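Participant: In full-length UniProt numbering, the protein residues as written are 1 to 352.
Put into structure tokens, the structure is as follows:
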């Protein structure tokens, strides 16, 4: 089976930093909110210590020695430990503080994550490395909250958006859902000094045992397909800039479901612009680039659909998938026509 050791090995193999989510004696508040007696909490703290030691401890620790005996002499790349999952309220914040005060001095290299979101619980927490808000919502929520992070306090903690998806009133996960997620992601990327990590959820589901309609990837015995939301994640991942660039809107503000974000890729020497058009009409935008040099030829990748209700399926798995073209009309000032229901990435060779 795929146990803790295999999980850590998998992270090492794909050169990923590992995150382990722990039990702190509280059940998920969305289930029943059960909790153990406070006298039992030391057992849970010790379990967490044992798990961390197995991942990164040396041979002088009981569980570090067990890892070495299992054939892995070097530490695994464990960096994050989340204390609880979808727990909040006074009881949780008190428990988190107790656990943090024991664990952080012992493992200062680990970032300990609290499962609270934004709200009153923030004020009850003492020191915290990172919080983990979750959102499963209608598409309008994401469109209305693209600037949610812009004015959040800096310096208190980082944010890991550990679960999010548009999963309500969007069929089995249509283009309307995907574009609302893309719009919300522009806000996360624009505020990447605060939102340092995010992960769409749920990731994968076997279509023969359906539990949740909007998983990002579907599998059966013969096929693996990605929903339109998968390709949104792919485009953001493959076109992630090294730094953000300021975007100023001049003239009449664009009306409707439209978001724009820009950044710079130093390795490739490219300005990267992402435009989300959630409207049913084409969108003409005029761009002015403040760069010292601009090449006319670049690339444009577009993810679009004929309708916001369109969905990928096992019958037509690539109905909504990225299409890339070469474009030779980039300039200091240029106009581009964006398709309806689209996420578009412009990659322009520039020197800042």
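Beta carbons: idealized from backbone N, C-alpha and C, even for Gly. As the structure is a prediction and not an experimental result, all values here were calculated from the model.
Could you give the first and the last residue of the continuous alpha helix (DSSP H) run that contains residue 104?
Facilitator: Looking at the DSSP string, the run of the alpha helix (DSSP H) that includes residue 104 is 89-106.
Participant: Identify the continuous alpha helix (DSSP H) that holds residue 185 and give its terminal residues.
Facilitator: Per DSSP, residue 185 belongs to the alpha helix (DSSP H) from 175-190.
Participant: Note down, in chain order, each residue of its chain lying with its Cβ closer than 6 Å to the Cβ of residue 136, except the 5 sequence neighbours on either side.
Facilitator: Once the five neighbours on either side are set aside, the close Cβ partners of residue 136 are 165 and 167.
Participant: Give me the DSSP bridge partner(s) of residue 166.
Facilitator: In the DSSP output, where bridge partners are listed per residue, residue 166 has 137.
Participant: Kindly indicate which residue of 162, 257 and 239 has the alpha-carbon position closest to the one of residue 268.
Facilitator: It is 239 whose Cα lies nearest to the Cα of residue 268.
Participant: Give a yes or no on contact between the region 187-203 and the region 148-165, applying the rule of three or more CB pairs nearer than 8 Å.
Facilitator: Result yes; three or more Cβ-Cβ pairs closer than 8 Å.
Participant: Looking only at DSSP bridge pairs, what is residue 260 linked to?
Facilitator: Residue 260 is bridged to 275.
Participant: Could you spell out the range, first to last residue, of the alpha helix (DSSP H) harbouring residue 55?
Facilitator: Where residue 55 is concerned, the enclosing alpha helix (DSSP H) stretches over 41-56.
Participant: Report yes if the CB atom of residue 343 is closer than 8 Å to the CB atom of residue 201, and no otherwise.
Facilitator: No. Outside cutoff.
Participant: Terminal residues of the continuous alpha helix (DSSP H) containing residue 26?
Facilitator: Taken as a continuous stretch (DSSP letters only), residue 26 belongs to no alpha helix (DSSP H), as it is neither H nor E.
Participant: I'd like the span of the beta strand (DSSP E) that includes residue 285, first residue to last.
Facilitator: Taken as a continuous stretch (DSSP letters only), the beta strand (DSSP E) holding residue 285 covers 283-288.
Participant: What's the gap between the Cα of residue 307 and the Cα of residue 179?
Facilitator: Going from the Cα of residue 307 to the Cα of residue 179 covers about 12 Å.
Participant: Assign residue 274 to buried or exposed, taking buried as 16 or more other Cβ atoms, counted over all protein chains shown, within 10 Å of its Cβ.
Facilitator: Buried, since its Cβ has 16 or more Cβ neighbours within 10 Å.
Participant: Quick check: what's the CA-CA separation for residue 16 versus residue 251?
Facilitator: So the alpha carbons of these two residues sit roughly 44 Å apart.
Participant: In three-state terms, what does DSSP make of residue 336?
Facilitator: In the structure shown, residue 336 sits in a strand (DSSP, three-state: E or B).
Participant: Assuming residue 345 contacts residue 301 (C-beta within less than 8 Å), just tell me the rounded distance between them.
Facilitator: The pair is a contact, with the Cβ atoms about 4 Å apart (cut-off 8 Å).
Participant: Taking the C-alpha atoms as reference points, what is the distance between residue 272 and residue 107?
Facilitator: Approximately 38 Å between the Cα atoms of the pair.
Participant: Check residue 243 in the structure and name its three-state DSSP category.
Facilitator: Strand at residue 243.
Participant: Looking only at its own chain, which residues have a Cβ that is under 6 Å from the Cβ of residue 100, when we skip the five neighbours before and after it?
Facilitator: Answer for residue 100: 112, listed in chain order.
Participant: So, at 8 Å on beta carbons, what are the nonlocal neighbours of residue 149 in its own chain, with the 5 sequence-adjacent residues on each side left out?
Facilitator: Result list for residue 149: 159, 187, 188, 190, 191, 194 and 195, in chain order.
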